[in-house]
Amino acid sequence: MSSSKDKIPKRCSKFDEDGNELRRGPWTLEEDNVLIGHISSHGEGQWNSLAKSAGLKRTGKSCRLRWLNYLKPDIKRGNLSPQEQLLILELHSRWGNRWSKIAEQLPGRTDNEIKNYWRTRVQKQARQLKLDCNSTKFLEAVRLYWMPRLLEKMEQHKSPSSQTPNLAPSHNPFLPDMEIISTSHLSFDGYGMQESDCHAADVDWFGEEIGMTSFWNSDELWQFRKVDQCVD
DNA sequence: AAGTCACCCAACCGCGTCTCT
DNA sequence: TAGAGACGCGGTTGGGTGACT
């Protein structure tokens, strides 16, 4: 990251109300250090005045965003776990595009990250199905197939050290729904489908497995339509 | 090796809401 | 109560990078 950050941003001309030039674009390592240092000694909040008093040629907005989405110490980096993906799917079906609200349920994850995940991964699948990602049909597909597979994946990778977001009964207010999801295996069978029908063993749900760029290849699409017909 | 394409994600923007005076 | 400024959210953009040809 630091390599790109050290470059001069191309989009960088803007002025504050005092006529001082404001920087835009990627943050440099130096700027990051200034912001971190200033927040550690003065605390966060009052972003506009913070930006000025820290001597950063950035808007308060930009400082806030940089801190919340990247510099804050408790931010988790790396791929979303199956547990996290499952929680996102469930919470999105409940709350829609309320990214910040969804992010509250995933400690260490930012609304921006979740939003990006949704747009790049989930919406991509919907596009390939030629469905609106908020449509009943797509949500049904997610519920009947994606979620059970995530649960299965969670089971496979269960280990004492695995990071688990708010899924434990004592912490998760949505447990009843999670139980519904887990029983959707039954719903799956109820539509007369075997999991093997869907080539599940080769499926790449998260872009992380064998040679497939996307889960919803034509076979799975066909299988989905099979489900779809039953749903209708 | 070079060019092109697609994906990912950090950062920006606009706008609605909140808070303070 | 109204106005102004700060804050937060969701949508969008653009650059970097890796895969593919």
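Here UniProt numbering is used: the first residue of the first sequence is 1, the next is one more, and so on.
A virtual CB, placed ideally from N, CA and C, is assigned to each residue, including glycine.
Because the structure is a prediction, the values reported are computed rather than measured.
Practice problem: Answer yes or no: do W95 and I88 have a C-beta to C-beta separation smaller than 8 Å? | Solution: no
Quiz item: Since L144 and F138 are thought to touch, with beta carbons under 8 Å apart, how far apart are those beta carbons, to the nearest angstrom?
Solution: Wrong, their Cβ atoms sit about 11 Å apart, outside the cutoff.
Quiz item: Would you call T110 buried or exposed, if buried means 16 or more other Cβ atoms sit within 10 Å of its Cβ?
Solution: buried
Exercise. Quick one: residues in its chain with C-beta nearer than 7 Å to the C-beta of N69, no 5 flanking neighbours on either side, listed in chain order?
Key: T110, N112
Quiz item: Is K76 near G108, with beta carbons less than 8 Å apart?
Solution: yes
Quiz item: Span of the alpha helix (DSSP H) holding Y117?
Solution: 111 to 117
Quiz item: According to DSSP, is E208 helix, strand or coil?
Solution: The pLDDT assigned to E208 is 38, lower than 50, so where the model puts this residue is not dependable, and the model offers no usable value.
Practice problem: Use the C-beta contact count for P73: other C-beta atoms within 10 angstroms, 16 or more gives buried, fewer gives exposed. | Solution: exposed
Quiz prompt | Residue span of the alpha helix (DSSP H) that contains residue 234, given as start and end | solution = Nothing in the structure corresponds to residue 234, since the chain is present only between 1 and 232.
Self-check item: Three-state secondary structure (DSSP) of L22
Solution: strand
Quiz item: If you count every other CB in all the chains shown that lies within 10 Å of the CB of E21, and 16 or more means buried, which is it?
Solution: exposed
Exercise. List the whole-angstrom C-beta distance separating E44 from W67, where the pair is believed to meet the contact cut-off of C-beta under 8 Å.
Key: 6 Å
Quiz item: So, using beta-carbon positions, are R64 and R23 closer together than 8 Å?
Solution: no
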